[in-house]
Amino acid sequence: MRTDRRGFLGLIACVGVAAVLPWRPAHALDANGAHALIDRSLEEVYQVINSGQPAAQMYQQFEAIFARYADVDVIARSALGPAARQADAAEFAAYRQAFQGYVGRKYGARFREFIGSRIEVTGARPLKSFFAVTSVAHLNGRAPMEVEWHVSNRSGQDLYFNIIIEGVNMLASERAEIGAMLARERGSLPALTAALQQAG
Amino acid sequence: MTVSHRRPILSVLLACALLAACSPAPAPQTATPQGIDINDPFEAQNRRVHAFNKGLDARVIAPVANRLRGSGERAPRDPDAPIGPLQMVINAGRNLSLPVKSVNGLLQGRPRDAGANLTRFAVNSTVGLGGIFDPATDSFGLSERDTDFGETLAVWGVPEGAYLELPVLGPSTQRDAVGQVVDLLIDPLYHLLDGREAGAVFGLRVASKAGDRARFGDTVDGILRGSADSYAQTRLIWLMNRRHDLGESGDDYDPYDDAQVLDPYEN
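Just so you know, the sequences run in chain order L and R.
In terms of this note's numbering, the first sequence is numbered consecutively and its last residue is 200.
In terms of this note's numbering, the second sequence is numbered consecutively and its last residue is 1267.
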């Protein structure tokens, strides 16, 4: 009886707490939220760029930022193509982890060219089922570049899933690249994973 | 070489390019899963040219570029610091490309772009000491409107045609290959200058392109040497960027609706 009562009281307390907490409708993403996500992500990236750490440490931190703000799962799936649907769960998880590290190194090496630059987030608009956040990258001695980020909440969280730099779409180029690597490994996902751990 | 001597050569080049552009391409149009159309009926030939270009880049262009870059140009620069010799060459060469860009702006029915490029040319050629400096951007906020005859053809409704990788010049399409030849023919500088001056202008513009390669070499190296299939990667990136510049990009891709990679019944 006592335990029951305690359970009941506990339940009441939970309901009370839940009522006090701001109720979040199933991840309502809006333009402001998408804009803020990219602002935060860029702020963290520039902190790393300006930290002057050794490259290897920077790449690890880029990987962590990528994992925090991007939908790594859908990006990794899209890059792998139809093989993603046939993949064994454990093999896919290992591939996804290797892919994340590869992105951190490959794009990290590019980010180092961004020292002394700035990226200004200029707006956000709804597009299809997601949001497009527009920004302009100001690099030394180069015409400003348009960089667009596609942000979605369809993973259950607000995350970006594509970056388009002057029309060059990251998902499309990684699909071609990972596809070529998979073909080179004769379609073996574990072999691709091993190659990705070395690449980038 | 005088202008009148050069014209027949250019005319022959133009005729060849036009023939290439008009030859009935079998056009097996394929699309990437992200909806980017790739029309590459000459892939076998293009891949041979790519292998040649890649070798040229590794043996000649990259070593020269790295030497040029060795003079500290690669390090992040304080925007107020004086520019180095490499940037001066890039600026001067780009400045000389402005008159033909202005002509193209007019042909495209974009007089404002034409005017901006012409004003830039006037300001930078004088105040900017022959285009070495860029006061048009720095003091007047007048940036370049990059264009070429390939874009003019696109504005006129000429289709892109097949993808081509040209020796030395790199990625192109049938439409852009014609554009590159026509740009040489309609460039007012080559009509106004005598042979030696025109040669100097041409040399400086080539040097400027090489300078760009030196400055942004890391990116090029990454694609050429770091890629599992550098031909396919170069083709895709170049086409996406070119179509973006010309306002011919396709539809935006949504991976969450891609049944090829996500099980639609899972969500």
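For glycine and all other residues, C-beta sits at the position ideal for the given N, C-alpha and C.
| message | So, for residue 1094 (chain R): in the same chain, excluding its five sequence neighbours on each side, which residues have a beta-carbon less than 6 Å away from its beta-carbon? | response | Contacts found: 1208.
| said: Counting beta carbon pairs with one atom in the stretch 1230 to 1238 of chain R and one in the stretch 1035 to 1047 of chain R, are three or more of them shorter than 8 Å? | reply: Result yes; three or more Cβ-Cβ pairs closer than 8 Å.
| Straight-line Cα distance separating residue 41 (chain L) from residue 1157 (chain R) | The alpha-carbon atoms of residue 1157 (chain R) and residue 41 (chain L) are separated by roughly 41 Å.
| query | So, helix, strand or coil for residue 60 (chain L), using DSSP? | reply | Helix, per DSSP.
| field | Rounded separation between residue 192 (chain L) and residue 182 (chain L) - CA only | value | Linking residue 192 (chain L) to residue 182 (chain L) through their CA atoms gives a straight-line distance of about 6 Å.
| Among R:1168, R:1235 and R:1136, the one whose alpha carbon lies nearest that of residue 1098 (chain R) | Selected option, being the one with the closest Cα: R:1136.
| query | Hey, how far is the Cα of residue 968 (chain R) from the Cα of residue 1105 (chain R)? | reply | The structure shown does not extend to residue 968 (chain R), since chain R is modelled only from 1001 to 1267, so the question has no answer here.
| request: Give the residues of chain R in contact with residue 82 (chain L), contact being defined as C-beta atoms less than 8 Å apart. | output: Below the 8 Å Cβ cutoff, chain R contributes 1260 and 1261 as neighbours of residue 82 (chain L), in chain order.
| Hey, quick one: how far does the beta strand (DSSP E) through residue 1029 (chain R) stretch, first residue to last? | Following the DSSP letters along the chain, one finds residue 1029 (chain R) inside the beta strand (DSSP E) bounded by residues 1029 to 1031.
| Who are the near neighbours of residue 1223 (chain R) in its chain, counting only those whose CB is closer than 8 Å to its CB and skipping five residues on each side? | The answer, listed in chain order, is 1230, 1233, 1234 and 1237.
| query | How would you list, in chain order, the residues of chain R whose beta-carbon sits under 8 Å from the beta-carbon of residue 171 (chain L)? | reply | Neighbours of residue 171 (chain L) on chain R, chain order: 1034, 1253 and 1255.
| field | 4-residue-minimum alpha helix (DSSP H) runs that sit fully inside the stretch 112 to 198 of chain L, ordered along the chain | value | Within the stretch 112 to 198 of chain L, the runs of alpha helix (DSSP H) that reach at least 4 residues and sit entirely inside it are, in chain order, 170 to 184 and 189 to 198.
| task | Look up residue 1038 (chain R) in the DSSP assignment and give the residues it is bridged to. | result | For residue 1038 (chain R), the pairing in a beta bridge is given by DSSP as R:1030.
| message | What would DSSP say about residue 43 (chain L), mapped onto helix, strand or coil? | response | Of the three classes helix, strand and coil, the one that applies to residue 43 (chain L) here is helix, per DSSP.
| query | Is the stretch 138 to 154 of chain L touching the stretch 59 to 67 of chain L, taking contact as three or more C-beta pairs under 8 Å? | reply | Contact between the stretch 138 to 154 of chain L and the stretch 59 to 67 of chain L is absent, because fewer than three Cβ pairs lie under 8 Å.
| query | Which residue or residues does DSSP assign as beta-bridge partners of residue 1166 (chain R)? | reply | Per DSSP, the beta-bridge partners of residue 1166 (chain R) are R:1170.
| query | So, is the C-beta of residue 130 (chain L) closer than 8 Å to a C-beta in chain R? | reply | For residue 130 (chain L), the nearest beta carbon of chain R is closer than 8 Å to its own beta carbon.
| query | Alpha carbon to alpha carbon, what distance is there between residue 1200 (chain R) and residue 1033 (chain R)? | reply | Straight-line Cα distance between these residues: approximately 46 Å.
| task | Give me the Cβ distance between residue 1205 (chain R) and residue 1096 (chain R), rounded to the nearest whole Å; I'm assuming they're in contact under 8 Å. | result | The beta carbons of residue 1205 (chain R) and residue 1096 (chain R) sit about 6 Å from each other, so the pair counts as a contact at 8 Å.
| said: Tell me the DSSP secondary structure of residue 1092 (chain R) in three-state form. | reply: Of the three classes helix, strand and coil, the one that applies to residue 1092 (chain R) here is helix, per DSSP.
| query | Do we get a CB-CB distance below 8 Å when we pair residue 135 (chain L) with the residues of chain R? | reply | So, not an interface residue.
| Segment contact flag, the stretch 1140 to 1153 of chain R with the stretch 1111 to 1120 of chain R, C-beta cutoff 8 Å, min 3 pairs | With the cut-off at 8 Å, the stretch 1140 to 1153 of chain R and the stretch 1111 to 1120 of chain R touch.
| message | Just to confirm the assignment, what range does the alpha helix (DSSP H) spanning residue 50 (chain L) have? | response | For residue 50 (chain L), no alpha helix (DSSP H) segment is defined, and its DSSP state is neither H nor E.
| query | Under a CB-based cut-off of 8 Å, is residue 167 (chain L) close to chain R? | reply | So, interface residue.
| task | Go through its chain and collect everything with a Cβ distance to residue 209 (chain L)'s Cβ below 7 Å, but skip five positions before and after it. | result | Residue 209 (chain L) is absent from the structure shown; chain L starts at 1 and stops at 200.
| message | Pop quiz: residue 154 (chain L) and residue 173 (chain L) are said to be a contact at Cβ under 8 Å. What is the actual Cβ separation, rounded to whole angstroms? | response | The pair is not a contact, with the Cβ atoms about 22 Å apart (cut-off 8 Å).
| Do the stretch 107 to 127 of chain L and the stretch 1208 to 1219 of chain R make contact, defined as three or more Cβ pairs closer than 8 Å? | The stretch 107 to 127 of chain L is in contact with the stretch 1208 to 1219 of chain R.
| Relative to chain R, which residues along the stretch 46 to 72 of chain L have a C-beta separation below 7 Å, given in chain order? | The stretch 46 to 72 of chain L vs chain R, Cβ under 7 Å: nothing.
| query | Closest to residue 1168 (chain R) by CA distance: which of R:1051, R:1187 and R:1031 is it? | reply | The residue with the shortest Cα to Cα distance from residue 1168 (chain R) is R:1051.
| query | Taking residue 1213 (chain R) as the reference, which of R:1038, R:1031, R:1030 and R:1086 has the closest Cα? | reply | Nearest C-alpha to residue 1213 (chain R): R:1086.
| field | Residues that DSSP places opposite residue 70 (chain L) in a beta bridge | value | For residue 70 (chain L), which the question treats as bridged, DSSP gives the partners L:160.
| said: At the level of alpha carbons, what is the spacing between residue 140 (chain L) and residue 85 (chain L)? | reply: Residue 140 (chain L) and residue 85 (chain L): Cα-Cα distance of roughly 43 Å.
| message | I need the DSSP call for residue 1143 (chain R), collapsed to helix, strand or coil. | response | Residue 1143 (chain R) falls in the coil class under three-state DSSP.
| message | I'd like to know whether the C-beta of residue 127 (chain L) is nearer than 8 Å to at least one C-beta of chain R. | response | It does; some Cβ of chain R falls within 8 Å.
| Candidates R:1154, R:1172, R:1128 and R:1115, of which the one nearest residue 1145 (chain R) by Cα | Among R:1154, R:1172, R:1128 and R:1115, the Cα nearest to that of residue 1145 (chain R) is on R:1115.
| query | On the three-state DSSP scale, how would you describe residue 1156 (chain R)? | reply | Reduced to three states, the DSSP call for residue 1156 (chain R) is coil.
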